[in-house]
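Enquirer: There's a structure below that I have some questions on.
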């Protein structure tokens, strides 16, 4: 019965399996393997993701080999995935359901791409209309988790481009990539002041909330650049304790823009942006967990649906603030770092993390280019 079950029924059952359990199920027989590879996520990619927590994917920021570390959020086991299918070292920008949007780490002309580190596949996005180096990149997913296939848009602002008289100049334009038609278009010009600040001071990824894209500067005193997409209006927002924070990161929590920042003396705090662009302190990192993050200046933060992670190096451990699926309350806890994987010692490398819902369907990545 199981070996002849229709794909649509079998795929619905598979959608409730965690990625590691699905990997085991794929090895059962050819029928199951074909179903897992081709059917479930290519037809209903978002349906299976809502049942599971995202995995923490950590890419070394400076290392000659191409690989990444991944953390199972249920068993808290670390794994290593080779990334030799990629043509260059990458920096993650944002997850797209089961995929990851990335840019090269080298300061060359911007070339964006999408990859699936679990199936070892990648696709390049078309080049922007204007060749740019070091622009700010924004990302927006359209539709809800109930959509069968969510479209996305990528915004590129500022950066350096070739000047008409030779040399380089700051590029005061905004471009948008639309996955529904696979093309870039120049949306509008932008204030030169924002183009310069986004190019020089904004190396962090964007956060989208309630129709606005936000970027935070990369050093003290922190400030935020915001783009209201519908009106194409730019504005600057303040940051609480802007001149005292040793690290500051923007994430989205329950649909709201959230700021996580910390100092060496008072630990780390979490603020939420309310109406009128007023920051409200909503939580503080427990002192006993904050003490385990020994260097606040090297602390990074990444957030996703129902979870926020504070980390530095892959072997140093993480402070996690996660929503309890049963009670709905958010709880703090500590996750040990990847000191060893399968009995082999792991170097304590600096990493850049992103939260991804793993997809094991080989056909999923092609859905965006059909």
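Numbering (this note's numbering), first residue to last: 87 to 456.
Cβ atoms here follow ideal geometry from the backbone N, Cα and C, with glycine treated the same way.
#1: How long is the line joining the alpha carbons of residue 133 and residue 443, rounded to whole angstroms?
#2: DSSP has residue 165 in a bridge; who is on the other side?
#3: Use the C-beta contact count for residue 394: other C-beta atoms within 10 angstroms, 16 or more gives buried, fewer gives exposed.
#4: Compare the beta carbon distance of residue 142 and residue 404 with 9 Å and say whether it is the shorter of the two.
#5: How many angstroms separate the CA atom of residue 440 from the CA atom of residue 414?
#6: Identify which residue in 420, 194 and 245 has its Cα closest to the Cα of residue 374.
#7: Of the choices 327, 250, 159 and 368, whose alpha-carbon is the least far from that of residue 339?
#8: Extract the residue ranges of the alpha helix (DSSP H) inside the segment 265-330, only unbroken runs of 4 or more that lie entirely within it.
#9: Beta-carbon separation of residue 240 and residue 211 under 9 Å?
#10: Return the bridge partner residues of residue 353 from the DSSP annotation.
#11: Please name the residue, chosen from 314, 302 and 317, that lies closest to residue 326 on a Cα-to-Cα basis.
#12: Can you list, in chain order, the stretches of the alpha helix (DSSP H) that have 4 or more residues and sit fully within the segment 360-423?
#13: How is residue 425 classed by DSSP in three states: helix, strand or coil?
#14: So which of 226, 177, 182 and 201 has the shortest CA-CA distance to residue 193?
#15: Since residue 224 is in the beta strand (DSSP E), which residue starts that stretch and which ends it?
#16: By how many angstroms is the C-alpha of residue 364 removed from the C-alpha of residue 208?
#17: Just to confirm the assignment, what range does the beta strand (DSSP E) spanning residue 247 have?
#18: Of the residues 183, 279 and 296, which one's Cα is nearest the Cα of residue 316?
#19: Which same chain residues end up closer than 8 Å to residue 168 when comparing Cβ atoms and leaving out the 5 residues on each side of it in sequence?
#20: Quick one: Cα of residue 319 to Cα of residue 279, how far?
#21: Tell me whether residue 259 is buried or exposed, calling it buried when 16 or more other Cβ atoms sit within 10 Å of its Cβ.
#22: How many Å lie between residue 312 and residue 322 at the Cα?
#23: Going by beta carbon distance, what residues of the same chain come within less than 7 Å of residue 342, once the five residues before and after it are set aside?
#24: Return the residue from the list 202, 160 and 334 that minimises the CA-CA distance to residue 172.
#25: Tell me whether residue 115 sits in a helix, a strand or coil according to DSSP, three-state version.
#26: Find the nearest neighbour of residue 268 within the set 199, 147, 217 and 330, judged by alpha-carbon distance.
#27: Using a Cβ-Cβ cutoff of less than 7 Å, which residues in the same chain neighbour residue 331 once the five nearest sequence positions on both sides are dropped?
#28: Counting C-beta neighbours from all protein chains within 10 Å, is the total for residue 184 16 or more, i.e. buried, or is it exposed?
#29: When the Cα of residue 299 is compared with those of 324, 336 and 275, which residue comes out closest?
#30: Rounded to a whole number of angstroms, what is the C-alpha to C-alpha distance between residue 84 and residue 121?
#31: Closest to residue 225 by CA distance: which of 250, 215, 428 and 237 is it?
Expert: A quick look at the data gives this:
#1: No answer about residue 133 holds up, because its pLDDT of 48 lies below 50 and its placement is not dependable.
#2: 156, per the DSSP bridge assignment.
#3: buried
#4: yes
#5: When the Cα atoms are used, residue 440 and residue 414 turn out to be separated by approximately 23 Å.
#6: 420
#7: Comparing Cα-Cα distances from residue 339 to each of 327, 250, 159 and 368, the minimum goes to 368.
#8: Counting only runs of 4 or more residues that sit fully inside the segment 265-330, the alpha helix (DSSP H) segments are 278-287, in chain order.
#9: yes
#10: 349
#11: 302
#12: Every alpha helix (DSSP H) stretch that sits fully inside the segment 360-423 and reaches 4 residues is listed by chain position as 373-376.
#13: coil
#14: 177
#15: 222-227
#16: 40 Å
#17: 246-248
#18: 296
#19: 152, 153 and 206
#20: 13 Å
#21: buried
#22: Approximately 6 Å, taken between the alpha carbons.
#23: 295, 358 and 359
#24: Measuring from the Cα of residue 172, the nearest candidate turns out to be 202.
#25: coil
#26: 199
#27: 306, 308, 347, 348 and 349
#28: buried
#29: 336
#30: Residue 84 lies beyond the range of the chain shown here (87 to 456); nothing can be said about it.
#31: 237
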